[in-house]
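Right, one structure below, let's go through it.
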Amino acid sequence: MSAWTGARRRVCLQEVGTRDGLQMESVFVPTAEKIALVDSLSEAGLAKIEVTAFVSPKAIPALRDAEEVMSGISRRHGVVYTALVPNLRGAERAMDCGTDELNLVMSATESHNLANLRMTREQSFAGLAAITERCAAPRFPVNISLSCAFGCPMEGDVPQEGVLDWCRRFVEAGATGVTLCDTTGMAYPPQVDSLAKAFRARWPETELTMHFHDTRGLGFANILAAIDAGVDRFDAALGGLGGCPYAPGASGNVCTETVVHALELMDFDTGVDLDRLLAVSRRLPGLVGHDTPSAIVKAGRRLDLHPMPASVQRGPGAL
Ligand code: COA
Ligand code: ZN
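This is the structure we're talking about:
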């Protein structure tokens with residue numbers, strides 16, 4: 015089988031636009047609109063939706079309505095509703111309003127952890143490992159998102175063994191999944207290949223997600239490298255919104271509709287209805303107050319054709 019065809023292989027897409035996307039926006043999207051966005055995304059067929067973040071409202075004012083949003087959405091059977099959690103307070107808030115999975119967050123580098131979470135990595139780990147252990151019995155899903163796993167805007171390259179060691183510590187504490195995050199678009203395909211294969215070889219049973227930002231145009235190349243290395247789960251943000259306000263130079267995630275469009279052409283099964291997704295994405299500029307980077311919203315699908323130019327329609331030689 016060619017590496018360029020998915021042969022209907024399943025790739026799970028996880029929408030992070032209502033968290034990673036909206037956290038970066040200066041406008042506050044009204045709570046009812048956030049709920050409507052999540053409900054439309056559920057209808058579009060995403061496997062998992064990161065609904066919001068239970069973080070300090072001072073750190074991320076745009077998501078200060080996390081409880082209302084998580085409590086207000088309509089749950090679609092089969093969709094996992096997750097939320098970002100930085101500490102015990104966040105875990106309690108998330109569980110109190112019926113979140114399906116905790117997406118714990120810390121950074122692979124000390125500088126970004128201090129900037130983003132105002133803790134050392136060991137302080138973050140102590141708190142997050144305690145939450146993970148508490149969730150082990152009865153088993154409640156806990157994913158750990160490791161920011162800056164492919165590079166740090168303040169420290170540069172991040173050694174692979176160091177990243178894998180944080181993964182090991184969380185897996186040993188009982189994490190059910192790990193997301194390797196390329197917070198500021200520093201990942202490149204051979205690096206993705208190497209980290210994905212090393213992770214898969216060590217923890218074949220742990221759910222592995224890759225989270226790419228398209229800051230340097232490498233997002234989809236990295237997805238293909240990861241698929242080739244056995245990864246079948248990716249975060250993406252509607253419209254290509256996204257970015258961490260505490261990571262210098264951060265910009266949007268890989269764009270969900272662009273990824274779906276490309277994977278469909280390659281015959282992968284994403285389970286996502288692209289027409290519905292595009293209809294939701296077209297609502298974003300009205301909510302965030304600016305155009306989005308979405309290539310497919312701008313250009314249309316590959317075979318969305320245009321009428322012939324009027325001059326040609328009038329026939330050759332026409333004035
Ligand atoms: N949810 C709501 N409020 C929280 C909270 C949580 N999870 N954790 C702490 N707080 C509140 C405290 O109650 C306190 O409130 P007060 O000032 O009204 O008393 C305030 O936040 C400060 O608490 P403290 O424990 O000293 O936290 P901090 O100021 O050192 O911030 C974090 C630490 C982790 C809470 C904060 O840095 C944070 O939320 N960061 C997330 C950043 C983010 O989401 N980045 C993008 C995603 S990668
Ligand atoms: Zn991100």
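For the sequence shown, our numbering begins at 15 and goes up steadily by one. All C-beta atoms, glycine included, are put in the ideal place defined by N, C-alpha and C.
With respect to 6 Å, is the separation between the Cβ of residue i and the closest non-hydrogen atom of the ligand COA below this value?
{"i": "residue 341", "result": "Residue 341 falls outside the range modelled here, since the chain spans only 15 to 333, and no answer is possible."}
{"i": "residue 101", "result": "yes"}
{"i": "residue 247", "result": "no"}
{"i": "residue 122", "result": "no"}
{"i": "residue 111", "result": "no"}
{"i": "residue 132", "result": "yes"}
{"i": "residue 145", "result": "no"}
{"i": "residue 63", "result": "no"}
{"i": "residue 73", "result": "yes"}
{"i": "residue 104", "result": "yes"}
{"i": "residue 162", "result": "no"}
{"i": "residue 258", "result": "yes"}
Given 6 Å as the limit, tell me if residue i has its C-beta closer than that to any heavy atom belonging to the ligand ZN.
{"i": "residue 79", "result": "no"}
{"i": "residue 34", "result": "yes"}
Give the DSSP-derived three-state secondary structure of residue i in the structure shown.
{"i": "residue 29", "result": "strand"}
{"i": "residue 156", "result": "strand"}
{"i": "residue 60", "result": "coil"}
{"i": "residue 255", "result": "coil"}
{"i": "residue 335", "result": "Outside the displayed span of the chain (15 to 333) sits residue 335, for which this structure offers no information."}
{"i": "residue 236", "result": "helix"}
{"i": "residue 66", "result": "strand"}
{"i": "residue 216", "result": "helix"}
{"i": "residue 290", "result": "helix"}
{"i": "residue 228", "result": "coil"}
{"i": "residue 24", "result": "strand"}
{"i": "residue 43", "result": "coil"}
{"i": "residue 222", "result": "strand"}
Who are the near neighbours of residue i in its chain, counting only those whose CB is closer than 6 Å to its CB and skipping five residues on each side?
{"i": "residue 174", "result": "209"}
{"i": "residue 90", "result": "56"}
{"i": "residue 35", "result": "251, 255 and 256"}
{"i": "residue 309", "result": "272"}
{"i": "residue 247", "result": "26 and 223"}
Just to confirm my understanding: we take residue i, look at its own chain, exclude 5 residues before and 5 after, and list those with CB closer than 8 Å. What are they?
{"i": "residue 293", "result": "54"}
Residues in its own chain within less than 7 Å of residue i by CB, not counting five upstream and five downstream?
{"i": "residue 37", "result": "67, 74, 76, 77 and 259"}
{"i": "residue 266", "result": "227, 228, 251, 254, 255, 256, 257 and 307"}
{"i": "residue 19", "result": "280 and 281"}
| message | Does the contact criterion of 3 or more C-beta pairs under 8 Å hold for the segment 113-120 versus the segment 90-99? | response | yes
| said: For the segment 68-87 against the segment 138-154, do three or more pairs of beta-carbon atoms, one drawn from each stretch, fall closer than 8 Å, so that the two count as touching? | reply: no
| Three or more beta-carbon pairs under 8 Å between the segment 251-265 and the segment 277-287, yes or no? | no
| request: Count the C-beta pairs between the segment 146-154 and the segment 126-133 that are closer than 8 Å, then say yes if the count reaches three, no if not. | output: no
| query | Enumerated in chain order, which unbroken segments of the beta strand (DSSP E) with a length of 3 residues or greater are wholly contained in the segment 148-198? | reply | 156-161 and 191-196
| Ordered list of alpha helix (DSSP H) runs contained in the segment 119-149, each at least 4 residues | 124-131
| task | Pair every Cβ in the segment 226-245 with every Cβ in the segment 189-200, then say whether three or more of these pairs are closer than 8 Å. | result | yes
| query | Are there three or more Cβ pairs, one per stretch, closer than 8 Å when the segment 175-185 is compared with the segment 201-208? | reply | no
| task | Please confirm if the segment 36-50 is in contact with the segment 272-281, defined as three or more CB-CB distances below 8 Å between the two stretches. | result | no
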